[in-house]
């Protein structure tokens, strides 16, 4: 095999079906952005849409906008658009709250739907907020529920008849490892458990078929691959057959059958709106919709195809160029087991990543030793893949990362 | 007493200490906006600040903004600013989630703090989401908790030793009736109950002294008198002495002691941050901060003084002009018992309000028979008070509201 060269990456850029999409984002010229799995980039159309919501809808039309500009329907409208990206049917997806709050709602629903069962089964390396929320819910209920968090390889064996719900993140935040959604969902169902997927690192990154896999419940994030903006509202999914079988624990007025009748007692709305709680943040919702609309312009299979080539070439180039530097691959080598990110481990991951960021190649660090690189195919170029590895090599070879300035810790990593 | 005339209102405008503030809002020229108690008006500075957050902080600085632009501290920073408006100490107020979700958290805390008690006591005419959330929480816990919702006049008598928490909205959404915060809080404490105030219609409308009154818990709204924008994030207050005595039921990563250590188990943050849950909506937070900053420029006593004159003159003018038309006052006549709104009842309140809105005088309708007028002293002029009543009189006298076009119902009222 001949060595990979800069020309190989340039050639792929020139024939990339998605290459026109990059121009739809307002990326700084001096940045190679490989952190869209933490915060997606800004679509150029967002600024104008947000300005319109602020200036015209809020400023000029004021309270009338709840009807005149459809604010009252935003959560369902954007929810259904996300539903198209994840293989949900209309009426199964809602934008609301944060991923954490939505997880609380969906787990609470699962425990109600499986009253005889006490276990929430999850992966010990799941994203921490998922574990925290499950732990908090179990403790709060005080009815003997338990979060059982096990290593990834022990999950399938552990799905037994005490398990109410299997809660997994489809693509692991730290390693990029991807579960076989259809297989695990079927496995959960075979034991009578419900299946809840966290799609934070999947929605907008690869094709999903929640309906086809028979998924019961899901949650996901608006600010990663959906490019909805910092802290964008999250989404939740509840299969139609499960709706209206449970009492929402967070029974707020936006989830009421008739919020503006101001009735004294709660009556859940029909369908997915029953998972709504309070008044949603309209400006942030408007920004999210722009990101989702942009994603709907492309074919998710094309996105996935580009992502697979980018991540596999990144891995190949790392192995070609970084062999002497103590960098190890922390993501699966097999494409089908890998989401849209590649993680490398190194004992000095923190200062190395800071040195890389200082050069404008933005990935992130995950404790204790992971350098994480996300590939958002809508705006990452193949030449970015090349450049990121070459810059990383230069940092490792020169030892520049040993300088003191790269060792200071920051609050958010 | 001589009749009130247009000149009386014009004279008050000319000497109004707060008159310069109106120009800081982007109000349409053809609107008299008396619905700031539902959705506050747009501060002119908001558009530029939101554009900066979108374009520079998100678009240019991307993930780095969590540290570089202090996104990680926004919830506490804006919380403390609101704390200054409500008489809280630093570290007792947090911006987070929606009012409904915050109410769930604060009620859950109250029930944990009073483990032997089973009653959440509230007013049957409280804002419905407060009742719904309490009802949902009690049912969800399944431990014999109960929401006891009684008429306003029965509340004080009903505070007994079975009551864990008294949950009241300081200013009633439907009538504008205001509780004596210090008196009821003391009454709750005398029976060993905790006191939780919903400040949705109080924060930014009148001076509050939560610390002085010894209030335990509170929640409130960012999109009414704080002018934070549609669905702005809400706030919560927990007295310092209660913090770290409870386990948050919604135990998300933003409430963790060390969110970016990605620990497997939840450890609540010290202080008010433990009430944070998921990643907050940064764009909506930035808009809220502009509204709060503007409110901090003025003295709340001046705001209240103007509000009292406006609401009392509105009432006087209604009685002078509308006597023949079957309009009844549904708000307290005594200033000390009234918030910053006046409600009128009429059996045809809906079409009358629609006719009024069609003329650019915007109040709102509350089922079944209430016309609600909110007076936000930062931007409502005395002449608006005059004009609103005169337009209302003309609508009633002409019977124009009987036209079919004013009878169609809309989703949001």
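Chains as they are written, first to last, in our numbering: chain A, 267 to 679; chain B, 267 to 679.
Positions of the beta carbon are idealized from the N, C-alpha and C atoms, including for glycine.
Any Cβ of chain B closer than 8 Å to the Cβ of residue 530 of chain A would place that residue at the interface, and such an atom is present. Under the criterion of beta carbons closer than 8 Å, residue 488 of chain B and residue 560 of chain B do not qualify as touching, at roughly 13 Å. Secondary structure within the segment 428–458 of chain A: the beta strand (DSSP E) runs of 3 or more consecutive residues, fully enclosed, are 429–435 (chain order). For residue 275 of chain B, no beta strand (DSSP E) encloses it; the enclosing alpha helix (DSSP H) starts and ends at 272–280. Taking 8 Å as the cut-off, the Cβ atoms of residue 546 of chain B and residue 519 of chain A do not count as close. Judged by beta-carbon spacing, residue 353 of chain B lies within the 8 Å limit of residue 475 of chain B, meaning their Cβ atoms are closer than that value.
Contact check for residue 298 of chain A against residue 626 of chain A passes: the beta carbons are separated by less than 8 Å.
Segment contact: the segment 349–364 of chain A against the segment 396–412 of chain A, fewer than three CB-CB distances shorter than 8 Å; contact not assigned. Within chain A, the C-beta atoms nearer than 7 Å to that of residue 632 of chain B come from 528, in chain order.
Within the segment 537–553 of chain B, those residues whose Cβ lies closer than 8 Å to any Cβ of chain A are, in chain order, 543, 544, 545, 546, 547, 548, 549, 550, 551 and 553.
Close CB contacts of residue 635 of chain B within its chain, under the 7 Å cut and outside five residues either way in sequence, are with 611, 612, 613 and 615 (chain order).
Here the alpha carbons of residue 456 of chain B and residue 387 of chain B stand approximately 15 Å from one another. Residue state for residue 672 of chain B is assigned as helix, using DSSP reduced to three classes. Residue 467 of chain A and residue 450 of chain A have their C-alpha atoms roughly 17 Å apart. Annotated as distal: residue 277 of chain A and residue 355 of chain A, with beta-carbon spacing of 8 Å or more. A direct Cα-to-Cα measurement between residue 531 of chain B and residue 338 of chain A gives close to 38 Å. For the pair residue 307 of chain B and residue 493 of chain B, the CB atoms are nearer than the 8 Å cut-off. Rounded to the nearest whole angstrom, the CA to CA distance from residue 513 of chain B to residue 654 of chain A is 44 Å. In terms of beta-carbon proximity, residue 411 of chain B stays away from the interface with chain A, with every pair separated by 8 Å or more. For residue 390 of chain B, no beta strand (DSSP E) run applies, since DSSP gives it neither H nor E.
DSSP places residue 607 of chain A inside the beta strand (DSSP E), whose first and last residues are 607–611. Residue environment for residue 389 of chain A: buried (at least 16 other C-beta atoms within 10 angstroms of its C-beta).
Within the same chain, 292 come within 8 Å of residue 313 of chain A by CB-CB distance, once the 5 residues on both sides are set aside. By the CB criterion at 8 Å, residue 327 of chain B and residue 317 of chain B fall outside the cutoff. At a Cβ-Cβ threshold of 8 Å, residue 541 of chain B and residue 347 of chain B do not count as neighbours. When secondary structure is reduced to three states using DSSP, residue 489 of chain B falls in the coil class, being assigned neither helix nor strand. It is roughly 15 Å from the alpha-carbon of residue 577 of chain A to the alpha-carbon of residue 594 of chain A. Nearest to residue 506 of chain B by alpha-carbon distance, out of B:495, B:661, B:538 and B:679, is B:538.
Under DSSP, residue 640 of chain A takes part in a beta bridge, and its partners are A:607. The C-alpha of residue 416 of chain B lies about 43 Å from the C-alpha of residue 295 of chain B. Contact with chain A is absent for residue 506 of chain B, since none of that chain's Cβ atoms lies less than 8 Å from the residue's Cβ.
At a cut-off of 8 Å between C-beta atoms, residue 333 of chain A counts as an interface residue with respect to chain B.
Secondary structure at residue 543 of chain A: coil, using DSSP grouped into helix, strand and coil. Contacts between residue 317 of chain A and chain B, judged by CB atoms closer than 9 Å, involve 313, 316, 317 and 320 in chain order. Chain order gives the chain B residues near residue 363 of chain A as 363, 364, 367 and 544, where near means a beta carbon separation below 8 Å.
With respect to chain A, the C-beta atom of residue 587 of chain B has no partner C-beta closer than 8 Å.
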